[in-house]
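Asker: First the structure, which I've put down as structure tokens, then a few questions once you've had a look.
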Amino acid sequence: MRTRKKKSEKELTIEQKINRRNFLSFAAFAVLAGGAYEGWRLLYKSPDEAAGITAGAHKPLRRALNKTELVFRRLFSNNHLVKTYPKSMAAKRVRVNSDIGIEAEKKFDPATWKLQVVKKPGDVFKVSLDELKALPKTEIIYDFKCVEGWDQIQHWAGVRFSDFMAHYKLDNLAKMQYVGMETPDKAYYVGIDMASAMHPQTLLAYEVNDQPLPLNHGAPLRLIIPVKYGIKNLKRIGTISFSNSRPRDYWAEQGYDYYSGL
Amino acid sequence: MKAIKEKHSLAMRWCHWVNFPILTIMIWSGMLIYWANDEYSVTLFGHTFFRFFPDWFYNTLKIPHRLSEGMAFHFLFMWFFTLNGVIYILYTLISGEWRELAPKKNSFKEAWLVLLHDLHIRKTAPPQNKYNAAQRIAYTTIILMGIGSVITGLAIYKPVQFYYLAWLCGGYHFARVLHFALTLGYVFFFVVHVVQVLLAGWNNFRSVISGFEVVNEDVKPATQTANENAHTKEKV
Numbered sequence: 079m080r081t082r083k084k085k086s087e088k089e090l091t092i093e094q095k096i097n098r099r100n101f102l103s104f105a106a107f108a109v110l111a112g113g114a115y116e117g118w119r120l121l122y123k124s125p126d127e128a129a130g131i132t133a134g135a136h137k138p139l140r141r142a143l144n145k146t147e148l149v150f151r152r153l154f155s156n157n158h159l160v161k162t163y164p165k166s167m168a169a170k171r172v173r174v175n176s177d178i179g180i181e182a183e184k185k186f187d188p189a190t191w192k193l194q195v196v197k198k199p200g201d202v203f204k205v206s207l208d209e210l211k212a213l214p215k216t217e218i219i220y221d222f223k224c225v226e227g228w229d230q231i232q233h234w235a236g237v238r239f240s241d242f243m244a245h246y247k248l249d250n251l252a253k254m255q256y257v258g259m260e261t262p263d264k265a266y267y268v269g270i271d272m273a274s275a276m277h278p279q280t281l282l283a284y285e286v287n288d289q290p291l292p293l294n295h296g297a298p299l300r301l302i303i304p305v306k307y308g309i310k311n312l313k314r315i316g317t318i319s320f321s322n323s324r325p326r327d328y329w330a331e332q333g334y335d336y337y338s339g340l
Numbered sequence: 547m548k549a550i551k552e553k554h555s556l557a558m559r560w561c562h563w564v565n566f567p568i569l570t571i572m573i574w575s576g577m578l579i580y581w582a583n584d585e586y587s588v589t590l591f592g593h594t595f596f597r598f599f600p601d602w603f604y605n606t607l608k609i610p611h612r613l614s615e616g617m618a619f620h621f622l623f624m625w626f627f628t629l630n631g632v633i634y635i636l637y638t639l640i641s642g643e644w645r646e647l648a649p650k651k652n653s654f655k656e657a658w659l660v661l662l663h664d665l666h667i668r669k670t671a672p673p674q675n676k677y678n679a680a681q682r683i684a685y686t687t688i689i690l691m692g693i694g695s696v697i698t699g700l701a702i703y704k705p706v707q708f709y710y711l712a713w714l715c716g717g718y719h720f721a722r723v724l725h726f727a728l729t730l731g732y733v734f735f736f737v738v739h740v741v742q743v744l745l746a747g748w749n750n751f752r753s754v755i756s757g758f759e760v761v762n763e764d765v766k767p768a769t770q771t772a773n774e775n776a777h778t779k780e781k782v
């Protein structure tokens, strides 16, 4: 901004220099500020994404969420474990935040429940709760984190998802990209990247505080996945399926990040 | 006689004005997130003096029911906030401008004198270079706060992957408290900053846009501590 015109021109007076630099800098400032404001307006008023596996977010923001996911997926490691606590610190009254898919008025009998594992469309096998309980039991006492911002130290127990996969010789399916889980009524559903599902602290849980799950916590079997927000911890698992593309996900359809990893 | 005296580099002005809207968006989107579980309050001996935040606050700012939108904005602009901060810090380190900014041994004592002067309790302010002692402390603290926001933010955002950051911040829960407190700090800084800028006057404000101040050279040689001080009563 200090460049002067050709030397042949008359030397500017100090007043002229001040005025010139004032004008140039304030003009540049105004143009940039206007541009920034326009850019913000464009972003703020940008249309929502086309509804699909994800929905409800501004189109450019969804793009950013997906790109950001790629960055943080690189940092993911099975060696990064959620912090665990002594049993005495676990909440006695475990918070219930949602009943989508497991509403009390819905008819459901845990005694006749069986987990359906869809190896591929049309190839389904069923697993009973007793069969799952025969597998090694893993306990975890950790800080459950809700996307809303609250957290609570809770005590869960069940089968490691990775143990479950190994026991039923699903190693080939574990090479796929995603796991999908749905409630029996298909009203609530989550999609989880395979790395997070196979994390050593991810459980198919059937106990809370050493007791069988009550209905409002997703009896008889729910997902406990400490590397995700609560929204991914599906209650009352009806079916488990596998795919290489993102399975549908309840909250990702409501504008939330699909990954929602911690 | 009037003269132009260079004050703020283009890099400093750029980072300052880029940061302003970005931080505003971060605070706003952070509010959209915080709203979903607004549990903080000032409570002493069982009496709640202030709740963050009262209903009128949310209603005025039209904040409710936009958690997912807040997160989407927050996790985009966090990149810009961090990048701008990194550029600024690298710039001050490489250019050597940090020497004007970092508090010196006597800055904390001097800052008190500056405060007394600003409050019109003391007549003279301590001599200074580009920034006075109070400014050195404030402008260094705000950078440390920025770093603090990034660290506590990451600790909340990925508490498992960045378990060591969560540990460093005293756990997930406390990291969230710190992240919130730092935001209140920015708002407090902003209020004091704007008042100071208004009091300091046009010459000072212009220098953050145009980079220079106008000084009267015949008073003192420009190399001395002539009028860069907003507190001198010189008319421009």
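Note that the protein sequences, when read in sequence, are chains S and Y. When you read off a place in the first sequence, starting at 1, and then add 78, the result is the number in our numbering. When you read off a place in the second sequence, starting at 1, and then add 546, the result is the number in our numbering. Ideal placement from N, C-alpha and C gives every residue a C-beta, glycine not left out.
Please report the straight-line C-alpha distance between Ala330 (chain S) and Gly716 (chain Y), rounded to a whole angstrom.
Answerer: Numbered from 1 along the first sequence, position 252 holds the residue referred to as residue 330 (chain S). Numbered from 1 along the second sequence, position 170 holds the residue referred to as residue 716 (chain Y). In a straight line, the C-alpha of Ala330 (chain S) is about 31 Å away from that of Gly716 (chain Y).
Asker: Please classify Ile131 (chain S) as buried or exposed, where buried requires at least 16 neighbouring CB atoms within 10 angstroms.
Answerer: The residue you call residue 131 (chain S) lines up with position 53 of the first sequence. Classification of Ile131 (chain S): exposed, given that the 10 Å Cβ count is below 16.
Asker: Can you tell me where the alpha helix (DSSP H) holding Gly258 (chain S) begins and where it ends?
Answerer: For the purposes of this step, residue 258 (chain S) is identified with residue 180 of the first sequence, where counting begins at 1. Element bounds for Gly258 (chain S): not the alpha helix (DSSP H) but the beta strand (DSSP E), Tyr256 to Glu260.
Asker: Are at least three pairs of beta-carbons, each pair with one atom in the region 242-255 of chain S and one in the region 283-296 of chain S, less than 8 Å apart?
Answerer: Because the criterion of three Cβ pairs below 8 Å is not met, the region 242-255 of chain S and the region 283-296 of chain S do not touch.
Asker: Would the region 156-166 of chain S count as touching the region 211-221 of chain S if we require 3 or more Cβ pairs under 8 Å?
Answerer: With a cut-off of 8 Å, the region 211-221 of chain S and the region 156-166 of chain S count as touching, because enough Cβ pairs lie within range.
Asker: Just the chain Y side, please: which residues come within less than 7 Å of Glu226 (chain S) by C-beta, in chain order?
Answerer: As a working note, residue 226 (chain S) is residue 148 in the first sequence. Correct list: Ala582, Asn583 and Leu613.
Asker: Rounded to whole angstroms, what is the Cα-Cα separation between Ala235 (chain S) and Lys204 (chain S)?
Answerer: Mapped onto the first sequence, residue 235 (chain S) falls at position 157. Mapped onto the first sequence, residue 204 (chain S) falls at position 126. Cα-Cα distance, rounded: 21 Å.
Asker: Please report whether the beta-carbon of Pro146 (chain S) lies at a distance below 9 Å from any beta-carbon of chain Y.
Answerer: Along the first sequence, read from residue 1 onward, the residue named residue 146 (chain S) stands at position 68. Residue identity differs from the one stated: residue 146 (chain S) is Thr in this sequence, not Pro. Cβ-Cβ to chain Y under 9 Å: yes for Thr146 (chain S).
Asker: Starting from Ile96 (chain S), find everything on chain Y with Cβ-Cβ shorter than 7 Å and list it in chain order.
Answerer: On the first sequence, position 18 is the one that residue 96 (chain S) refers to. Under the 7 Å cutoff, chain Y gives Ile550 and Val760.
Asker: Does any residue of chain Y bring its CB to less than 9 Å from the CB of Lys161 (chain S)?
Answerer: Residue numbering aside, residue 161 (chain S) sits at position 83 when the first sequence is read from its first letter. Chain Y, which has a Cβ nearer than 9 Å to the Cβ of Lys161 (chain S), makes this yes.
Asker: Quick check: Trp191 (chain S) and Pro298 (chain S), are their CB atoms within less than 9 Å of each other?
Answerer: Residue 191 (chain S) sits at position 113 when you count from the first residue of the first sequence. Residue 298 (chain S) sits at position 220 when you count from the first residue of the first sequence. In contact: Trp191 (chain S) and Pro298 (chain S) (Cβ atoms closer than 9 Å).
Asker: Can you tell me whether Glu759 (chain Y) is helix, strand or coil according to DSSP?
Answerer: Position 213 of the second sequence holds residue 759 (chain Y). DSSP places Glu759 (chain Y) in strand when its eight states are reduced to three.
Asker: I need the boundaries of the alpha helix (DSSP H) containing Tyr710 (chain Y), first residue and last residue.
Answerer: Here residue 710 (chain Y) refers to the residue found at position 164 when the second sequence is read from its first residue. Here the alpha helix (DSSP H) through Tyr710 (chain Y) covers Tyr709 to Leu714.
Asker: Please decide whether Ala618 (chain Y) counts as near chain S, where near means a Cβ-Cβ distance under 9 Å.
Answerer: For the purposes of this step, residue 618 (chain Y) is taken as residue 72 along the second sequence, with counting starting at 1. Yes, contact with chain S.
Asker: Compute the Euclidean distance between the alpha carbons of Met79 (chain S) and Phe104 (chain S), then round it to the nearest angstrom.
Answerer: Start at 1 with the first residue of the first sequence, and residue 79 (chain S) comes out as number 1. Start at 1 with the first residue of the first sequence, and residue 104 (chain S) comes out as number 26. With a pLDDT of only 49 at Met79 (chain S), under 50, the local geometry of the prediction cannot be trusted, and the value read off the model is given with reservation. Using only the alpha carbons, I get a separation of about 12 Å.
Asker: Under 7 Å, CB to CB, which of the residues in the region 621-636 of chain Y have a partner in chain S?
Answerer: Correct list: Phe621 and Leu622.
Asker: Could you check where the beta strand (DSSP E) with Gly236 (chain S) kicks off and where it finishes?
Answerer: If you number the first sequence from 1, residue 236 (chain S) lands on position 158. Asp229 to Arg238 is the span of the beta strand (DSSP E), which, as asked, contains Gly236 (chain S).
Asker: Go ahead and label Leu90 (chain S) buried or exposed: buried means 16 or more other beta carbons lie within 10 angstroms of its beta carbon, across all protein chains shown.
Answerer: The residue given as residue 90 (chain S) occupies position 12 in the first sequence. Classification of Leu90 (chain S): exposed, given that the 10 Å Cβ count is below 16.
Asker: Would Gly200 (chain S) be called buried (16 or more neighbouring beta carbons within 10 Å of its own) or exposed?
Answerer: Working through the first sequence from its first residue, we reach residue 200 (chain S) at position 122. Gly200 (chain S) should be labelled exposed.
Asker: Can you pull out the residues from the region 711-744 of chain Y whose beta carbon lies closer than 9 Å to at least one beta carbon of chain S?
Answerer: The residues in question are Ala712, Trp713, Gly717, Tyr718, His719 and Arg722.
Asker: Kindly confirm or deny that the region 706-716 of chain Y and the region 664-684 of chain Y touch, where touching means at least three C-beta pairs closer than 8 Å.
Answerer: Contact fails: fewer than three Cβ-Cβ distances are below 8 Å.
Asker: Considering Cα atoms alone, identify which of S:Ser323, S:Ser176 and S:Arg140 is closest to Tyr256 (chain S).
Answerer: Mapped onto the first sequence, residue 256 (chain S) falls at position 178. If we check each option's Cα against that of Tyr256 (chain S), S:Ser323 comes out closest.
Asker: Residues of chain S with CB closer than 7 Å to the CB of Lys553 (chain Y), please, in chain order.
Answerer: One-based indexing of the second sequence puts residue 553 (chain Y) at position 7. Within 7 Å Cβ-Cβ: nothing; Lys553 (chain Y) doesn't reach chain S, min ~12 Å.
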